[in-house]
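What follows is a short report on a single structure.
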Amino acid sequence: MGISIADTFRDGVVFITGSTGFLGTILLEKLLRSCDVKTIAVLVRSKKGLAASQRAVDIYQRAVSQFLYLTVK
Numbered sequence: 001m002g003i004s005i006a007d008t009f010r011d012g013v014v015f016i017t018g019s020t021g022f023l024g025t026i027l028l029e030k031l032l033r034s035c036d037v038k039t040i041a042v043l044v045r046s047k048k049g050l051a052a053s054q055r056a057v058d059i060y061q062r063a064v065s066q067f068l069y070l071t072v073k
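Heads up: the sequence shown runs through residues 1 to 73, numbered per the UniProt record's numbering.
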C-alpha cells in the first residue's frame, strides 16, 4: 500500500500558482479540508484593476467559506 496524499503533505509547505483559477481554488479548499499542511504559499497577480492582495482576499474568503460549509454540513 502506498503513501496517501494527506501523509505526503502532512506538516509540509505547499506553493500554488494559479490559485485564483477554478482548479486552484478547488486545490486550496481540498488542502485546507483534507491535509495537515504547515504552510500554503500562493502566487496571485493583479488583474482587471484589482490588486493582487484584494484578489487573494476575495478568492480565499470563498475557499474558507466552502471549507466551513462542508465541515458543518
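Backbone N, C-alpha and C fix where the C-beta goes; we use that ideal spot for every residue, glycine too.
- The three-state secondary structure of Ile26, taken from DSSP, is helix.
- The C-beta distance from Ser19 to Val42 rounds to 4 Å, short enough to fall under 8 Å.
- Across the set Ser65, Asp7, Val44, Gln66, the C-alpha of Val44 shows the shortest separation from the C-alpha of Thr17.
- Here Val64 carries a helix assignment [DSSP, helix/strand/coil].
- The three-state reading of DSSP puts Ala51 in coil, since its state is none of H, G, I, E or B.
- For Thr39, the three-state secondary structure derived from DSSP is strand.
- Excluding the 5 residues flanking it on each side, Arg55 has same chain C-beta neighbours closer than 6 Å at Thr20, Val44, in chain order.
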